[in-house]
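Visitor: One structure coming up, written as structure tokens, with questions to follow.
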Amino acid sequence: MIKESLFYSKILLFGEYGIIQDAMGLSIPYNFYKGKFHFADDKYSDSNEHLRTFFTYLSYLHISGEAVAELDLAAFKKDIQAGIAFDSSIPQGFGVGSSGALVAAIYDKYAVNKIDPENINKGELSELKAIFGQMESHFHGKSSGLDPLICYLNLPVVIKSKEDLDTVGLPQETAESKGAIFLLNTHTPGETQPMVQIFMEKMKEQGFRKMMKTELKKYNDECIKSFLKGDFNPLFGNLKHLSALLLQNFSPMIPEG
0 MIKESLFYSK ILLFGEYGII QDAMGLSIPY NFYKGKFHFA DDKYSDSNEH
50 LRTFFTYLSY LHISGEAVAE LDLAAFKKDI QAGIAFDSSI PQGFGVGSSG
100 ALVAAIYDKY AVNKIDPENI NKGELSELKA IFGQMESHFH GKSSGLDPLI
150 CYLNLPVVIK SKEDLDTVGL PQETAESKGA IFLLNTHTPG ETQPMVQIFM
200 EKMKEQGFRK MMKTELKKYN DECIKSFLKG DFNPLFGNLK HLSALLLQNF
250 SPMIPEG
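Numbering of the sequence shown is given in numbering that gives the first Met the number 0, commencing with residue 0 and proceeding in unit increments.
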């Protein structure tokens with residue numbers, strides 16, 4: 000029996016919504032949650048039903064000639080009929096890459112001439128991001144492709160622009176380390192697609208567009224640069240400004256505490 004690969008969750012530390020408008024982004028793997036394919040006794044499990052729907056979308060892309068990547072859809076269909084399912088502990092609706100891990104797993108298992116994550120260059124990173132963006136759009140309406148990319152590579156990635164991204168090392172914790180960034184679990188899931196729709200509606204407002212292109216981009220990008228340098232004094236100052244902007248302008252996307 001073939002051992003299925005594990006795909007881990009991710010955390011987008013900086014760049015949420017901003018990367019849609021060409022701000023920088025920094026995303027890292029989060030190995031606490033993971034998922035992999037298996038063949039379930041119940042050939043019509045919820046996961047299998049979701050895969051059937053996804054197969055229909057991928058088939059449409061193939062038939063219409065729009066597919067960016069060539070997938071072995073015949074093998075995928077055969078596995079679906081045999082009861083394949085995605086066994087995942089990644090919670091849905093919390094922004095930690097539940098659909099990203101699934102997309103990465105499907106590409107890894109069924110892509111023809113797939114790009115090797117162990118030996119990848121910057122051009123292939125951009126190519127993969129485009130492939131994953133198209134595939135994940137089935138779930139979110141519009142996807143940057145970043146989440147599946149992180150799940151596929153299992154490496155931190157910095158996004159400098161839509162066409163400029165690279166793997167990156169993170170600053171190491173030392174005995175003298177005093178600061179930290181952490182996430183709080185709101186225990187309130189939220190679907191990505193409605194959030195993206197709210198964002199795209201807000202982008203029709205001139206004042207919101209100006210805020211995104213000037214203030215938010217400035218503080219977001221400076222946070223990433225400071226974080227990667229391990230320079231935490233400017234990081235926390237810029238993070239405070241960024242948090243205030245997000246609270247003021249993104250309240251519909253923020254759960255009530």
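Cβ atoms here follow ideal geometry from the backbone N, Cα and C, with glycine treated the same way.
Only counting the same chain, and skipping five residues up and downstream in sequence, which positions put a Cβ closer than 7 Å to that of A234?
Guide: The identity of residue 234 in the sequence shown is Leu, whereas the question assumes Ala. Closer than 7 Å at Cβ, skipping near neighbours: C222, S225 and F226.
Visitor: Report buried or exposed for S242, applying the criterion of at least 16 other Cβ atoms within 10 angstroms of its Cβ.
Guide: Counting Cβ neighbours within 10 Å, S242 comes out exposed, since fewer than 16 surround it.
Visitor: CA-CA distance, N184 and H137?
Guide: Cα to Cα, N184 sits roughly 26 Å from H137.
Visitor: Candidates I79, S160, Y59 and L25: which alpha carbon is nearest L169's?
Guide: Answer by Cα proximity: L25.
Visitor: Pick from A110, S87 and L72: whose alpha carbon is nearest that of Q80?
Guide: It is L72 whose Cα lies nearest to the Cα of Q80.
Visitor: How about N30 and A39: are their beta carbons less than 8 Å apart?
Guide: No, the Cβ-Cβ distance between N30 and A39 is not below 8 Å.
Visitor: What's the C-alpha gap between I149 and A100?
Guide: I149 and A100: Cα-Cα distance of roughly 9 Å.
Visitor: So which of I19, F13, I114 and Y7 has the shortest CA-CA distance to M199?
Guide: Nearest C-alpha to M199: I19.
Visitor: Would you kindly report the start and end of the unbroken alpha helix (DSSP H) that includes P193?
Guide: Note, P193: alpha helix (DSSP H), T191 to K201.
Visitor: Can you tell me which of V167, V67 and Y218 puts its alpha carbon nearest to the alpha carbon of L244?
Guide: The option with the nearest alpha carbon to L244 is Y218.
Visitor: Quick check on this structure: which residue in I197, G236 and I158 has the alpha carbon closest to the alpha carbon of M252?
Guide: Answer by Cα proximity: I197.
Visitor: Taking only the alpha-carbon atoms, compute the straight-line gap between M0 and S87 and give it to the nearest angstrom.
Guide: Residue placement at M0 cannot be trusted, given a pLDDT of 46 that sits under 50; what the coordinates show is reported in the next sentence. Rounded to whole angstroms, M0 to S87 spans 20 Å at the Cα level.
Visitor: How would you write the range of the alpha helix (DSSP H) that F36 sits in, first residue to last?
Guide: No alpha helix (DSSP H) contains F36, which is instead part of the beta strand (DSSP E) from G24 to F38.
Visitor: I need the DSSP call for I119, collapsed to helix, strand or coil.
Guide: I119: coil per DSSP, three-state reduction.
Visitor: Please state whether the Cβ-Cβ distance between I130 and G144 is less than 8 Å.
Guide: Yes, these two residues count as a Cβ contact at 8 Å.
Visitor: Please identify the residue among S160, E117, V156 and D107 whose C-alpha is closest to the C-alpha of M134.
Guide: Among S160, E117, V156 and D107, the Cα nearest to that of M134 is on D107.
Visitor: Could you tell me which whole alpha helix (DSSP H) segments of length 4 or greater appear in the stretch 137-186?
Guide: Complete alpha helix (DSSP H) runs here, min 4: 145-152.
Visitor: Considering only DSSP beta bridges, list what L70 is partnered with.
Guide: A110, per the DSSP bridge assignment.
Visitor: Give me the Cα-Cα distance between E69 and I114, rounded to the nearest whole angstrom.
Guide: Between E69 and I114, the C-alpha separation is close to 12 Å.
Visitor: Just to confirm my understanding: we take H37, look at its own chain, exclude 5 residues before and 5 after, and list those with CB closer than 7 Å. What are they?
Guide: E3, A84 and D86.
Visitor: Would DSSP call D220 helix, strand or coil?
Guide: Reduced to three states, the DSSP call for D220 is helix.
Visitor: Once DSSP output is grouped into helix, strand and coil, what is the label at L5?
Guide: Here L5 sits in coil by DSSP.
Visitor: Can the beta-carbon of Q91 be found less than 8 Å from the beta-carbon of P155?
Guide: No, the Cβ-Cβ distance between Q91 and P155 is not below 8 Å.
Visitor: Are there 16 or more other CB atoms within 10 angstroms of the CB of A104, so buried, or fewer, so exposed?
Guide: By the neighbour-count rule (16 or more Cβ atoms within 10 Å), A104 is buried.
Visitor: Helix or strand or just coil, what does DSSP make of I19?
Guide: Helix at I19.
Visitor: Within 10 Å of its beta-carbon, does S63 have 16 or more other beta-carbons around it, so buried, or fewer, so exposed?
Guide: So S63 counts as exposed.
Visitor: To the nearest angstrom, how far is the alpha carbon of G14 from that of S250?
Guide: Those two C-alpha atoms are separated by around 16 Å.
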